[in-house]
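There are 2 protein chains.
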Amino acid sequence: MVSFGRVEAIFIISPGTSNSGGESSKESSRSSTPVLAADRTERLRDKMRRRTESGDHWFSLEFFPPRTASGAVNLVSRFDRMGSGGPLFIDITWHPAGDPGSNKETSSMMIASTAVNYCGLESILHLTCCNQTKEKITGYLSKAKHLGLKNIMALRGDPVGADWEEEEGGFNYATDLVKHIRCEFDDYFDICVAGYPTGHPEAESYDEDLRHLKEKVDAGADFIITQLFFRADTFLKFVRDCRAIGITCPILPGIFPIQGYQSLRQLVKLSKLEVPEEIMRVIEPIKDNDAAIRNYGIEQTVGMCRVLLESGNVPGLHFYTLNREVATMEVLRQLGLWIEDPRRPLPWAVSAHPKRKVEDVRPIFWASRPKSYIYRTQDWDDFPNGRWGNSSSPAFGELNDYYLFYLKSKSSKDALLKMWGEELTSEQSVYEVFTSYIKAQPNCAGHKVMCLPWNDELLAPETNLMMDELDKVNRRGVLTINSQPTINGKPSDDPIVGWGPPGGYVFQKAYLEFFTSSENVTVLLKVLKKYEPRVNYHIVNVHGQNTTNAHDMQPNAVTWGIFPGREIVQPTVVDPVSFMYWKDEAFALWIEQWAKLYEDESPSRMIIKYIHDNYFLVNLVDNDFPLDNCLWQVIDDMFELLDNPPEEQPTDPAK
Amino acid sequence: MVSFGRVEAIFIISPGTSNSGGESSKESSRSSTPVLAADRTERLRDKMRRRTESGDHWFSLEFFPPRTASGAVNLVSRFDRMGSGGPLFIDITWHPAGDPGSNKETSSMMIASTAVNYCGLESILHLTCCNQTKEKITGYLSKAKHLGLKNIMALRGDPVGADWEEEEGGFNYATDLVKHIRCEFDDYFDICVAGYPTGHPEAESYDEDLRHLKEKVDAGADFIITQLFFRADTFLKFVRDCRAIGITCPILPGIFPIQGYQSLRQLVKLSKLEVPEEIMRVIEPIKDNDAAIRNYGIEQTVGMCRVLLESGNVPGLHFYTLNREVATMEVLRQLGLWIEDPRRPLPWAVSAHPKRKVEDVRPIFWASRPKSYIYRTQDWDDFPNGRWGNSSSPAFGELNDYYLFYLKSKSSKDALLKMWGEELTSEQSVYEVFTSYIKAQPNCAGHKVMCLPWNDELLAPETNLMMDELDKVNRRGVLTINSQPTINGKPSDDPIVGWGPPGGYVFQKAYLEFFTSSENVTVLLKVLKKYEPRVNYHIVNVHGQNTTNAHDMQPNAVTWGIFPGREIVQPTVVDPVSFMYWKDEAFALWIEQWAKLYEDESPSRMIIKYIHDNYFLVNLVDNDFPLDNCLWQVIDDMFELLDNPPEEQPTDPAK
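Those sequence lines, one after another, are chains W and F.
Using full-length UniProt numbering, the final residue of the first sequence is 655, and nothing's skipped along the way.
Using full-length UniProt numbering, the final residue of the second sequence is 655, and nothing's skipped along the way.
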């Protein structure tokens, strides 16, 4: 006989549910949206605790703000690249001299905001309090909170000038800043503080410095990141000493891969650290050989990190990147910590702003311009649950607003001219740019076309599946800027089209979006009549002349997923309302990114301007996702009808 | 060359969209939910106009309130049956003597409310104003509005007693009531008024009566239903006369199929109508043969209706049913107007209450008890868009509230005892009742089991597909009360599992819900470990001991549909919160409907009580909808493990 007693033990008694239980609906703290990744809702210290408890090692990356706007554009690209390796967080240093709290695209504040909002990275903003008023500091913190930043590295900072003195009631130590943050913002921010494995250079003693650190933690700091060091022992002793005086929070070692002789000297000078002799002995002889020094730095860092990780006292490593990629990535790869996880929580790049954590649906139009979409909807109050948009949402942000990535290409004007043509002679030469991009082949001048105004990156792997068809239609002036194939229930962990939690199935309706001439559109509309109601279309020109067979202005879900134990998720829709906003952006890119490469009144510029003024933007959805994609057939039919127009029926006047 | 001019003509210029256009988001009156049937949002007069303009004929049905509660239960069943033929609306007469505006289950108000809320029928409530104060009438109208009624048939009614006199400023004519409704409720209600093809019996003349009718329409009535008549010409002349004096609204002929000699005489006496001699000549000789009279009535009515419909002046027919089904249904069938449309807007029976018109998701548990679900959620303020429930919704209504269909079976106690056993001898005899129900076969006493406490109807066609499996498991005490098979993308017009608009695809995850003994549950839990995470389960007993592997208390979508040009619709979910409410109802039905059939302390009652107290309610979902349903395998594995329990491993004390 199987005993029942053992089972009973695993039952959870739900209080208040033995009767009809009005309470239980309150008790259930069911989230308002199907949560696809705990990462999107957890705060940093909880993520850190979860990762530490699960025993896996992780890393984080430190960057400093750039000096120029184009440096900022490059740094944001670096965030995207280095973000793909899976850092637990990144942090942005505070440059008191660089207007760090301003709205300049190079400010610490704006760079951290960009990392959170546009790159979806958990980020820590440094903040120094030395020589600042409380009002000023509160202002920075309020601004950071408003921008969606949730973590602060609280630092004293270096006094400006020699005449600095302690100030009664002012910010004399980082401890004062920690207290101020907790006092003014309660538990909103996660707070990090700095630790000095060899003692702060200005401290009276190592022990005195440890006591200061304990004060910072007691004041409310959540974890510690240390100053760089060169020997694993230095850090491990420091951790032991911290634990001995009752510091229990996580302590992350600051790792500095030596990347060059000059940068090492400069850093050592600033931080007043001593480089151990065994390192100097290796470096001095090769000080003019950058590659050799970097290789040594990688080797030395990997060795030290191995010791740290194997000690069991180090859950994660914090890297001082100096805004460079190669050395840090190599160290992480050798340590096995760089993990490019192809699994995506959603088909599009999520934002880490707290108010967007419930966002689970976007219009497909911005698929290649997610940052533009985030920017243009940044003032929205909420991100609709399960469906896109609603009439009470504010409109999209204006097109003419300035921002780092708005209408800006990552490539230089020269590079763009090489890719898109120094001189255009006809619409046909534009078509050739599109086909070169699609085939990732050199254009007639021998330059590979790596991007288009609507696509900053090369084609997505799933679009590659349709390369032959895309090539064929672009040759004839169906200038595709967005497309997705039909997917009828592929596993959610499919390496190319998968997304969401494991064990699910993802689906897509085929989508095709392109510019084409009004002559083509005239014929296309005739063809589309044959495809009713299978194909939905929206066709619009720059003036807003718009024709569609969409039902009641309702969105059409074109990507969705079915997962175990969850509601349906439909992250991508074709939405008639937002299409009219996208249309403005898509047409503007012809002029802003392409036409303006050429002289005013030049033939090249006139050709792009002609396309902008006269072409239509078309989107097509094949609703019959279990069947083969019919959209290529639609375009073929259009070409067929263009090539063989029906003869005019002669009307016989005698009849 | 194909000219472009012709295409341009069909473009709609959207104002305000040629620039980024903040206005266009306001212009789009996109509804807040994917609308599956215009019928759910249109008001009656618009439906009528749309049907009339499209040229198809329709019908409507008049009922009077019942005298007894069991009469009410039967009438509600009749609404369901007659509703399946597709009436445009039904109307409920007002019985001034029968407390018509009260909360009694037999009142006009409650019957109309039931038709709207629980049967999903567009309904008109009659209202008579004679001898009523304005306050009283306003009270009735407010109550009707609150209950979700949207249409009023405004009547004067018969004066009570002989001493009635016109009252200054009172309700002397139906016109006064129409004016009052428009004055107090603006355009909220659609208003219908009565027309008399042969003149109102109290009117001075036919012309005088027509003028009164014109006044009623001018005061704000939307359409006219006429008194019954016996010759098509009578009605067609009346319509011509109405049009001649400027009455332009729809005029619906009141059709009375003669169903018996006595009922005809009574009606004629009340309405002061004359029966034409050609009809009396036929009827008098057969006045004692009910069947013959009914057949004649059907034939006579069909003939007259054909003339009416062919006249081109009659868009729809209004039937005085006298609360009977046969004659009216037969007339409608012969006219080709009775159309049982298997297409369903959603998998469950919708309610016609205005506030529920956006309702598009329900827990699966109430699949066989939709009226109970509607009743228990009637106080909810909103019906979530796209997903079930949210924590701010009020709790489910209490179980002990009284209502027509709560805990009441349509069958008599006698009939139930015959089906479910005059005397139960063991749990096994309960299992046999379940298997008899599932196989729709007579039980051991020779009575067909037509219902169970959890299922008022025979098995749904889609459940029939699983009859063999259901039979097998019920025999062994897995007492199934709800189930659905896996559906992987069947067309939405599939006659068995289809729902929603055409051209779509519907899906289901397999679902199985049953009561079973604690011994079985113990083994089942072991088996379920092998099926993680493919199978989600909730297992609970009457005391609320609850075990589940549901993720974060999130609902699991188990029925969904993908349609052309729309968002995903997921009308059925397995929701952990509502399951705890359903559990109370499901366990209570054992006692209220079954145990109480037997004497207190009788063995039969004790057996049911034992099951109620000791069995568990289990639900299982197979998340892997593209594969074959594994839930039967789960149950098989449970039986297998019960039959062949693993031998205890003898522990060797020597080792």
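Ideal Cβ positions, reconstructed from N, Cα and C, are used throughout, including at glycine.
As the structure is a prediction and not an experimental result, all values here were calculated from the model.
Asked	Found
At what residues does the alpha helix (DSSP H) containing V350/F begin and finish?	No alpha helix (DSSP H) contains V350/F, which DSSP labels as neither H nor E.
I need the DSSP call for Q262/W, collapsed to helix, strand or coil.	helix
Closer than 7 angstroms, Cβ to Cβ, to anything on chain W: give me those residues from the segment 491-512 of chain F, in chain order.	G503, Y505
When the cut-off is 8 angstroms and only beta carbons count, does N623/W lie next to chain F?	yes
Please list the terminal residues of the continuous beta strand (DSSP E) segment that includes C192/F.	190-195
Following the continuous beta strand (DSSP E) through Y296/W, name the residue where it begins and the one where it ends.	Element bounds for Y296/W: not the beta strand (DSSP E) but the alpha helix (DSSP H), 290-310.
Considering just the uninterrupted stretch of the alpha helix (DSSP H) at I635/W, what are its terminal residues?	631-643
According to the Cβ coordinates, are L61/W and L127/W closer than 8 angstroms?	no
Anything in the segment 537-555 of chain W with a Cβ closer than 9 angstroms to a Cβ of chain F? List those residues in chain order, please.	I539, V540, N541, V542, H543, G544, Q545, N546, T547, T548, N549, A550, H551, D552, M553, Q554, P555
What does DSSP give as the partner residue(s) for A154/W in the beta ladder?	L127/W, V193/W
Using a Cβ-Cβ cutoff of less than 8 angstroms, which residues in the same chain neighbour T480/W once the five nearest sequence positions on both sides are dropped?	F434, I438, L470, V473, N474, L512, E513, F514
Is the number of C-beta pairs between the segment 288-304 of chain F and the segment 321-336 of chain F that are closer than 8 angstroms three or more?	yes
Could you confirm whether any beta carbon from chain F is found closer than 8 angstroms to the beta carbon of G477/W?	no
On a CA-only basis, which of S123/W, D494/W, L620/W is nearest residue 660/W? Give me that one, please.	Past the boundaries of the shown model lies residue 660/W; chain W is included only from 1 to 655, so the question cannot be answered.
Please classify D233/F: does DSSP put it in a helix, a strand, or coil?	helix
For the ligand ZN, I want to know if C242/F counts as a neighbour, meaning its beta carbon is within less than 7 angstroms of at least one of the ligand's heavy atoms.	No copy of the ligand ZN appears in this structure; indeed no ligand is present at all.
Hey, which unbroken runs of the beta strand (DSSP E) at 3 residues or more fall wholly within the segment 528-607 of chain W?	535-541, 545-548, 556-562, 569-574
Please confirm if P533/F has its CB atom under 8 angstroms from at least one CB of chain W.	yes
Pull up the CB-CB distance for V76/F and P363/F, whole angstroms please, since I reckon it's below 8 angstroms.	About 22 angstroms separates the two Cβ atoms, so there is no contact after all.
Going along the chain, which residues of its own chain have a beta-carbon closer than 8 angstroms to the beta-carbon of N614/W, five neighbours each way excluded?	S517, S518, N541
Run down chain W in chain order and give the residues with a C-beta less than 8 angstroms from the C-beta of A219/F.	Near A219/F there are no residues of chain W at all, since even the closest Cβ is about 34 angstroms away, more than 8 angstroms.
So that I know if they touch, is there some Cβ in chain F lying closer than 8 angstroms to that of V527/W?	no
Would you verify that the beta carbon of Q570/F is, or is not, closer than 8 angstroms to some beta carbon of chain W?	yes
Drop a sphere of 10 angstroms on the beta-carbon of T106/F, count the other beta-carbons inside from all chains shown, and report buried for 16 or more, exposed for fewer.	buried
Within 10 angstroms of its Cβ, does K272/F collect 16 or more other Cβ (buried), or is it exposed?	exposed
Checking the sheet assignment: what are the DSSP bridge partners for D91/W?	E62/W, I124/W
Just the chain F side, please: which residues come within less than 7 angstroms of P626/W by C-beta, in chain order?	G489, Y505
Note down the Cα distance separating L641/W from C630/W, rounded to an integer number of angstroms.	17 angstroms
Checking 8 angstroms against the spacing of the C-beta atoms, do K214/F and I247/F come in under that value?	yes
Of all the options E340/F, Q428/F, D91/F, which has the alpha carbon lying nearest to the alpha carbon of R81/F?	E340/F
Helix, strand or coil: how does DSSP classify R362/W here?	strand
On the three-state DSSP scale, how would you describe H318/W?	strand
Is I514/W helix, strand or coil when you go by DSSP?	Strictly speaking, residue 514/W in this sequence is Phe, with Ile absent from that position. Of the three classes helix, strand and coil, the one that applies to F514/W here is strand, per DSSP.
In the DSSP assignment, find the unbroken beta strand (DSSP E) run with P370/W in it and report its ends.	Run containing P370/W: none in the beta strand (DSSP E); it sits in the alpha helix (DSSP H), 370-376.
Of the choices W590/F, K150/F, R51/F, whose alpha-carbon is the least far from that of F185/F?	K150/F
In three-state terms, what does DSSP make of T226/W?	strand
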